[in-house]
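Each remark here refers to the structure printed beneath this line.
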Amino acid sequence: MSYIHVEDLTVSYGESPVLWDVDVDIEKNSITAIVGPNGAGKSTLLKCILGFVKSISGVIKIHDKDLADVRKEIAYIPQVSAVNWNFPIRVKDVVLMGRYASLGWLKWPRKKDKELAHQA
Numbered sequence: 004m005s006y007i008h009v010e011d012l013t014v015s016y017g018e019s020p021v022l023w024d025v026d027v028d029i030e031k032n033s034i035t036a037i038v039g040p041n042g043a044g045k046s047t048l049l050k051c052i053l054g055f056v057k058s059i060s061g062v063i064k065i066h067d068k069d070l071a072d073v074r075k076e077i078a079y080i081p082q083v084s085a086v087n088w089n090f091p092i093r094v095k096d097v098v099l100m101g102r103y104a105s106l107g108w109l110k111w112p113r114k115k116d117k118e119l120a121h122q123a
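Just add 3 to wherever you are in the sequence shown, counting from 1, and you've got the numbering used here.
Below, the structure written as structure tokens:
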């Protein structure tokens with residue numbers, strides 16, 4: 004069983020298809036590289052698997068579950084070329100960021116969220 008399964012995926016930006024009929028199977032604990040020239044759709048494929056870009060058609064499953072069912076369990080850390088090491092943040096604040104997906108839009112962490120972050 005594949006950990007990430009993509010079948011017949013088609014994605015377009017406006018009227019222009021950028022990916023079509025893509026099939027991908029990635030096994031758990033495997034090291035996988037997505038290789039291709041600029042503009043080939045590598046980033047679009049990843050964004051679609053993460054749920055950031057909607058597909059026109061196709062199936063995306065993570066550990067045999069639909070993407071919509073596991074979306075809150077997926078974390079994404081983009082590459083950045085510069086880090087502001089003087090940014091005023093504590094470890095506790097970073098851990099608490101893991102709770103944001105369950106809070107809802109413009110909601111503040113509750114006491115229970117802070118307790119869970121402290122336990123971590």
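All C-beta atoms in this analysis are idealised placements derived from N, C-alpha and C, irrespective of residue type, glycine included. Computed from a prediction, not measured in an experiment: that's the story for all the values here.
Where do the N-terminal and C-terminal ends of the alpha helix (DSSP H) with residue i fall, by residue?
| i | result |
| --- | --- |
| H8 | That residue, H8, is in no alpha helix (DSSP H); its beta strand (DSSP E) goes I7 to Y16. |
| M100 | V94 to M100 |
| I52 | K45 to L53 |
| H75 | Rather than His, the amino acid found at residue 75 in this sequence is Lys. Looking at the DSSP string, K75 is not in any alpha helix (DSSP H), and its letter there is neither H nor E. |
| Q122 | K114 to Q122 |
| L1 | In this structure the chain extends from 4 to 123, so residue 1 is not present and cannot be described. |
Give the secondary structure of residue i by DSSP, where H, G and I count as helix, E and B as strand, and everything else as coil.
| i | result |
| --- | --- |
| D67 | coil |
| S33 | coil |
| S58 | coil |
I need the straight-line Cα distance from residue i to residue j, nearest angstrom please.
| i | j | result |
| --- | --- | --- |
| Q82 | S46 | 12 Å |
| L49 | A36 | 11 Å |
| V2 | A104 | In this structure the chain extends from 4 to 123, so residue 2 is not present and cannot be described. |
| L22 | D69 | 20 Å |
| G42 | K110 | 38 Å |
| V94 | I34 | 29 Å |
| H8 | I52 | 9 Å |
| K117 | G107 | 16 Å |
| P112 | R102 | 8 Å |
Per DSSP, which one or two residues make a beta bridge with residue i?
| i | result |
| --- | --- |
| P20 | S15 |
| D28 | H8 |
Am I right that residue i and residue j are in contact with their C-beta atoms under 8 Å? What's the rounded C-beta distance?
| i | j | result |
| --- | --- | --- |
| V73 | I65 | 5 Å |
| S58 | T13 | 6 Å |
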